[in-house]
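In UniProt numbering, the protein residues as written are 1 to 106.
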Amino acid sequence: MLPQPTGPARPTSPASPSRPLDDRSLPTAYGVPLSRIAAGAVRLESARRDISQEDLAELLGRSRSAISQRFTGKVAWSLDDLGAIAAAFGCPVDDLLDDGSQRGRR
1 MLPQPTGPAR PTSPASPSRP LDDRSLPTAY GVPLSRIAAG AVRLESARRD
51 ISQEDLAELL GRSRSAISQR FTGKVAWSLD DLGAIAAAFG CPVDDLLDDG
101 SQRGRR
């Protein structure tokens with residue numbers, strides 16, 4: 001019998017998929033890890049454009065399961081993925097790394 005996981009699943013490091021991400025070591029913007037900002041921005045922009053996880057999976061050549069893991073923050077988006085998503089959405093990549101809290105303050 002396999003051991004049952006204890007506690008919530010943690011995002012994994014892109015460099016080491018089996019090692020959970022440690023939020024303290026992640027780059028942040030205003031105290032929020034960029035990987036979480038990107039996950040939220042991709043979810044938001046996908047919803048605004050009525051683009052499903054399945055549509056994104058096809059666009060990026062990934063499984064819907066892989067996209068779901070990125071939507072939930074279990075796995076961080078790669079820069080290449082963010083670039084392809086931004087191009088498909090017709091927005092600059094930095095829009096996917098902006099939590100919106102500083103808009104209008106620049």
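Built from N, CA and C at the ideal position, the CB exists for glycine as well.
Checklist entry - By how many angstroms is the C-alpha of residue 65 removed from the C-alpha of residue 93? => result 23 Å
Checklist entry - Between which two residues does the alpha helix (DSSP H) containing residue 42 stretch? => result 34-48
Item to check | Backbone CA spacing between residue 49 and residue 95 [nearest angstrom] | outcome: 14 Å
Item to check | C-alpha distance - residue 107 paired with residue 31, whole-angstrom precision | outcome: Nothing can be reported for residue 107: it is not among the residues displayed for the chain, which extend from 1 to 106.
Next on the checklist: Let's see if you can read the secondary structure: which residues bound the alpha helix (DSSP H) around residue 65?
Outcome noted: 64-71
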